[in-house]
Structures are given as C-alpha cells and as structure tokens.
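K.L.:
In terms of my numbering, the sequence shown is numbered consecutively and its last residue is 1079.
Beta carbons are placed, not taken as given, at the ideal position from N, Cα and C, and that holds for glycine.
Predicted model, so just to flag it, every value in this text is computed and none were measured.
Shown below is the structure under consideration.
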Amino acid sequence: MTSFIDENGLEEQIQKRFGWRQQILENKYSNTQKKIENTNVIIHEIIRNEDMNIIYTALAEINEKTPIFTDLPEPLANLAYNIFYKQIYDRFWELKCKKEDIISKIKNSLANTDAIIDIIKKIAEDEFSDKDKEQAFYRLIGNNHMFMASVYIIRKEFYISSIDIVRKDLKMPKLDQKATIPIAIIELCGLTESKDCSRLQRALDILMKHGDNLIIRDEKGVKQSNAGNLGLSNDDIYSLYLLTKTHEWEHMDFTDFLYHSIYRSINVQHNDENNDEQSLEYSIISLYNILYNMSLMQSDISDTSKEENKNKIKKCINQLKNIKSMGVNDDIIRTYAYSDISIQEGFNINNFKENVILRYLKLMKSNISEIIDTDISIEEIKISENNTSNNSDNSENSLSKISPPVLNPSNDESIKHEHKQDEKSSISFYITKTISIIIVIFILIIMIILSIIGIYPDEAKRIVNTLNNSLFIR
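Here you go:
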C-alpha cells in the first residue's frame, strides 16, 4: 500500500460539489427542481467532461493538504499520480452523478494504482540489489511520457488554464492566431535553448513533475504563477505554451504518436544471437507498453494478472541486459499526429529524428547503461534523402529556422477568445471533411448507376418503365 487519502475530506469535497445535484435528481418534482428548470439550468444525470475537471480539482485540494502518494521515489510518485488520474477518467464513463458511486470509483482507482506501483517496487527489489540501479530503473519507467500525453489530453482545460496564468505572469506575448498551430508543432519538434531535448519532451517532463503545482493561490484565493518556486525558466514556459496549441490532437492521437512514431522508432542491437531478435528489438517498447496497458485495467487487478505482468516486466529487464547498441530506425511509423507534423512547412525528417527521437533515446540509454553496468553505444543516424518538406537544411536546429512566430502584445480580451476560435476552426475542419466524404460517395453511386445502364440498357429501360407504370397506376 503506497497511498493514503483522507476519506472524510474526500466525502466532504464530493458532497460539496455534487451533493446538491444528486438531491435535485432524486427529487425531480421538488420546488428546487422547478426553480432550476425556470432558470434554464440543465441538471445532467451522467458525469461529463466538465464534471471530471471538478473531480480532479477536488482531489488536488485534498492532495495539497495531505499528499496522496508518499514515501515513493520522485519518478515513481509522478507516475503514480498519472496512473491514478488515468484510472479515474476511464472508470467514470457513463457514471451516474451519485456521491456514493463517485467516491467508490475514486477508491477503486486508487486501489488499482497501488497494485501497479507495488508490482513495480517488488520487481525492483527482486531484480536490483544495488540502490543506484533501482533508482535508474524507476527513472527509466518514470520517463514514459505515454502516461503524461494521455493525462494532458484528459485534463487539457486545467493545464491550458494553468499555463496561461504562468504565461501572462511573465508577460509573454501570445502566438498570432493565424500561425498558431503550424508554428507550435514545428517549434515543439525543435530543441530547447539548452539543446538537451526537444521542446515536446521538456514540456511533458515538466507536466509530469510539476503539472499540479504550476499555479498556487494567495491569501485571498487568487491563482498566481508558481514557476519561480519550481525553478522554471522563460524557455520552459514557452515550451509549455507551445504544447497548449496542439488542440486538434485527441486522447489516443497523442499517446499513439509517443508510442509508435517515437518509441517504436528506436531500435536496439543485442549481444546474444540466440535470443529472439524481434523480442529484443522491442524490449524497451514492451516495457513501456506493459505498464501503460496495466493502467487501462478498470476491474480490480487479480493475483493472476499481477504475476503475469511481473513476469513480463522481468523478461523485459533481462532483455535489456543484452543490449549492445541503440539507434533510430530509417522509417518512422506514421500516426495521425506525426502526419499532422510532417505536412507543416519547415518540417525535416532528419531533424525530427535528431531533435526528438534521438533525445528520447539518449535519456533511455543513460538509465539502461546504469542498470546493466555497460556503456551502450549509439549508432549514427542515417540521413534520409526523401524529406516530406522542401527544407533541405540538415543542421541540428533547422526545424525552428522557419520565420519566427508573429507575436502580438498580450491582452486579456484576445486571450478570452483564443480557445473559442481554436474550437471553431477544429469543428469547421471536421464539417468540411464530412461533406467531402458525402460528395465522393454520391459521385461513386452515380458512376455505378451509369455503368449498369451502359452495360444492361434493355434491363435498365424495363426497370424505368415499371417504375413509371407504378407511379401512374392510380
């Protein structure tokens, strides 16, 4: 057991936020209900996305008073919170707005999170006698940004709001609306000022460690930036701000991008030729995927499931010990998000490999080398001649060498309308796409009908005559 939650505090928070609604729903013909109806306020029976934000806020207030996960190494604690948030989101689908059910689902989510973290700790204790190796293992799995990518989309409104408060505190101007999405995507694939990693990797890493603490409240309860206390630089905030502009990516789009287009673009060479090459090649990916899939389990994790997953993870650790070198694949698996990135002006596949994939690889390599007591070599990236853009500059940071962002002075009114405009452009895109599909289908049907008439003219004529007779038979 690695967690503790104040049950009285939890019940108080949920009662405060949902108790009144449950009472109205259970007494549909009360005066209160009629008053609500007269004011055009809709009381929903099912938990919705906006309700999830309320639940997460309640948990954040509880956690602020008494941390839910304690006595855990930092990477494991960060992972635990993200698994917990993910568990809650997956369990609340079609859940009715009843205080008892909400509290029950939260407790069940916490129990499953405990089970997953306990499995990880038990494996570390069994496999590593050296504390440094154990910590390196925690860092390796704690850097699995698939969790953070998923939770970012789930809690997007919260993160966007927090990052916007921090941005305005720094008086950082906002990106010009017309250039927001292309610039954000290309800049995210560029390097930070330190050149240690891509802006995407840095943004997810910051959220993994400090996502709930980007803002604090003063004595009057007003939200304010906590970036200074967290040691975040202006460049860090800019990376976070760029991430908020990728609004078209949905829940699975972002996770698939991390898993397929980045992690599965990393390959390994091994020492033992007798081992299954395919299994070894994806040993790191398997490790990340097993843990992520465990976080998707909504029912209680059985003892059988615990043992199965323990054995899978231990197999991955044994496979890591055979790694000789690591590198970046020639081809990148295309996902929706990667396709979205690759069509942008200024995109260069070689620099995507260098800035994004290779930086993730180097972080993995550092922790794996410490785990297996062997310095793993990194293979040189092969230059791809076929870029998806006309940009042929192969320098380290050419992804960000397009025209700099068009910056406008920050003003409150433009900030208020920014997200609404983003939503309208996204809706417009899908409406246009749907209409295009309908038109194509209609044209295909007409072509098929004309083809049939051309091949069977007599039969077609007979059918037309029959229809005419039936219409005028009266």
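Classify Ser1000 as helix, strand or coil using the three-state DSSP reduction.
P.N.:
Any answer about Ser1000 is weak, because its pLDDT of 35 lies below 50 and its placement is not dependable; what the coordinates show is given next. Reduced to three states, the DSSP call for Ser1000 is coil.
K.L.:
Just mark Gln740 as buried or exposed, buried being the case when its beta carbon has 16 or more other beta carbons within 10 Å.
P.N.:
Under this definition Gln740 is a buried residue.
K.L.:
Between Ala808 and Ser844, which are expected to be in contact by the criterion C-beta below 8 Å, what is the C-beta distance as a whole number of angstroms?
P.N.:
Confirmed, Cβ separation roughly 4 Å.
K.L.:
Among the residues of its own chain, which have a CB less than 7 Å from the CB of Ile728, if the five just before and after it don't count?
P.N.:
Result list for Ile728: Lys915, Ile918, Lys919, in chain order.
K.L.:
In whole angstroms, what is the alpha-carbon distance linking Leu963 and Phe609?
P.N.:
Going from the Cα of Leu963 to the Cα of Phe609 covers about 38 Å.
K.L.:
Once the 5 residues before and after Tyr661 are set aside, which same chain residues still bring their CB inside 8 Å of it?
P.N.:
Only Tyr690, Ile693, Arg760, Phe763 meet the Cβ criterion.
K.L.:
Give every residue of the same chain whose Cβ lies closer than 6 Å to the Cβ of Gln874, excluding the five residues on either side of it in the sequence, and list them in chain order.
P.N.:
Excluding residues within five positions, the ones whose Cβ falls inside 6 Å are Lys929, Ser930.
K.L.:
Considering Cα atoms alone, identify which of Ile667, Lys703, Ile721 is closest to Met899.
P.N.:
When only C-alpha atoms are compared, the closest one is Ile721.
K.L.:
If Leu812 sits next to Tyr757, beta carbons under 8 Å apart, how far is it from one beta carbon to the other, in whole angstroms?
P.N.:
Correct: roughly 6 Å between the Cβ atoms.
K.L.:
Measure the CB-CB distance between Asn668 and Gly747 and report whether it falls below 8 Å.
P.N.:
No, these two residues do not count as a Cβ contact at 8 Å.
K.L.:
Which residues bound the alpha helix (DSSP H) around Val771?
P.N.:
Note, Val771: alpha helix (DSSP H), 761–774.
K.L.:
Taking all protein chains shown into account, do 16 or more other C-beta atoms lie within 10 angstroms of the C-beta of Asn923, making it buried, or fewer, making it exposed?
P.N.:
Exposed is the call here.
K.L.:
For Arg804 and Glu959, I'd like the C-alpha separation in whole angstroms.
P.N.:
The alpha-carbon atoms of Arg804 and Glu959 are separated by roughly 13 Å.
K.L.:
Going by alpha carbons, who is nearest to Ile954 out of Leu966, Asn749, Asp935?
P.N.:
The residue with the shortest Cα to Cα distance from Ile954 is Asp935.
K.L.:
Can you give the beta carbon distance from Leu745 to Met969, rounded, assuming they're within the 8 Å contact cut?
P.N.:
Leu745 to Met969, Cβ: 7 Å. Contact.
K.L.:
Can you say whether Ile1032 is buried or exposed, counting buried as having 16 or more other CB atoms within 10 angstroms of its CB?
P.N.:
For Ile1032, the predicted structure reports a pLDDT of 44, less than 50, and the residue's modelled location is therefore unreliable. A value from the coordinates is still provided. Ile1032 comes out exposed.
K.L.:
Assess contact between the segment 763–776 and the segment 826–841, defined as three or more Cβ pairs (one per stretch) separated by less than 8 Å. Is contact present?
P.N.:
In short, these stretches touch, since the Cβ pair count reaches three.
K.L.:
Please report the Cβ distance between Asn876 and Asn927, rounded to the nearest whole angstrom; I am assuming they are in contact, meaning their Cβ atoms lie under 8 Å.
P.N.:
Right, their Cβ atoms sit about 5 Å apart.
K.L.:
At what residues does the alpha helix (DSSP H) containing Arg696 begin and finish?
P.N.:
From DSSP, the alpha helix (DSSP H) with Arg696 extends over 679–696.
K.L.:
Taking the alpha-carbon of Asn717 as reference, which of Ile688, Ile791, Asn658 has the nearest alpha-carbon?
P.N.:
Ranking Ile688, Ile791, Asn658 by Cα distance to Asn717 puts Ile688 first.
K.L.:
Quick one: residues in its chain with C-beta nearer than 7 Å to the C-beta of Phe742, no 5 flanking neighbours on either side, listed in chain order?
P.N.:
If we look at Phe742 and ignore the five residues flanking it on each side, its Cβ neighbours are Ala729, Phe733, Ile976.
K.L.:
From which residue to which residue does the beta strand (DSSP E) around Gly932 run?
P.N.:
That run of the beta strand (DSSP E) goes 928–933.
K.L.:
Using C-beta distances below 8 Å, list every residue in its chain close to Ile938, excluding the 5 sequence neighbours before and after it, in chain order.
P.N.:
Taken in chain order, the residues that qualify are His865, Ser866, Arg869, Ser870.
K.L.:
Using the Cβ count rule (16 or more neighbours within 10 Å means buried), how would you classify Lys710?
P.N.:
By the 10 Å Cβ count, Lys710 comes out buried.
K.L.:
Looking at C-alpha atoms only, which residue of Pro678, Leu863, Lys987 is the closest neighbour of Lys738?
P.N.:
Residue Pro678 is the option with its Cα nearest to Lys738.
K.L.:
Measure the alpha-carbon distance for Ile1046 versus Asn872 and round it to whole angstroms.
P.N.:
Using only the alpha carbons, I get a separation of about 42 Å.
K.L.:
Do you know how far the Cα of Val961 is from the Cα of Ile988?
P.N.:
Approximately 15 Å, taken between the alpha carbons.
K.L.:
Going by C-alpha to C-alpha distance, which of Ile790, Tyr941, Arg622, Asp978 sits closest to Ile664?
P.N.:
In the sequence on display, residue 664 carries Leu and not Ile. Considering only alpha carbons, the answer is Arg622.
K.L.:
Just to confirm before moving on: does the CB-CB distance between Glu824 and Ile708 stay below 8 Å?
P.N.:
It is not a contact, given that the beta carbons lie outside the stated cut-off.
K.L.:
Decide if Gly836 is buried, meaning its Cβ has at least 16 other Cβ atoms within 10 Å, or exposed.
P.N.:
When all chains shown are included, Gly836 counts as exposed.
K.L.:
By the DSSP assignment, the alpha helix (DSSP H) with Asn748 in it spans what residues?
P.N.:
Asn748 -> no alpha helix (DSSP H), and no H or E assigned at all.
K.L.:
Are Lys850 and Leu780 touching if we call contact CB-CB under 8 Å?
P.N.:
Yes; because the gap between Cβ atoms is below 8 Å, this pair is in contact.
K.L.:
Between Leu847 and Ala789, how many whole angstroms is the CB-CB distance? I'm expecting something under 8 Å.
P.N.:
Indeed, because the Cβ distance is near 5 Å, the residues count as touching under 8 Å.
K.L.:
So, with DSSP's three-state summary, where would you put Arg564?
P.N.:
Absent from the model: residue 564. The displayed extent of the chain is 606 to 1079, so no value can be given.
K.L.:
Given a cut-off of 8 Å on the beta-carbon distance, is the pair Ile652 and Cys702 in contact?
P.N.:
Their beta carbons are under 8 Å apart, which means Ile652 touches Cys702 by this criterion.
K.L.:
Can we count Phe859 as close to the ligand ADP, meaning its CB is less than 7 Å from some heavy atom?
P.N.:
Among the ligands in the structure shown, none appear at all, so the ligand ADP cannot be discussed.
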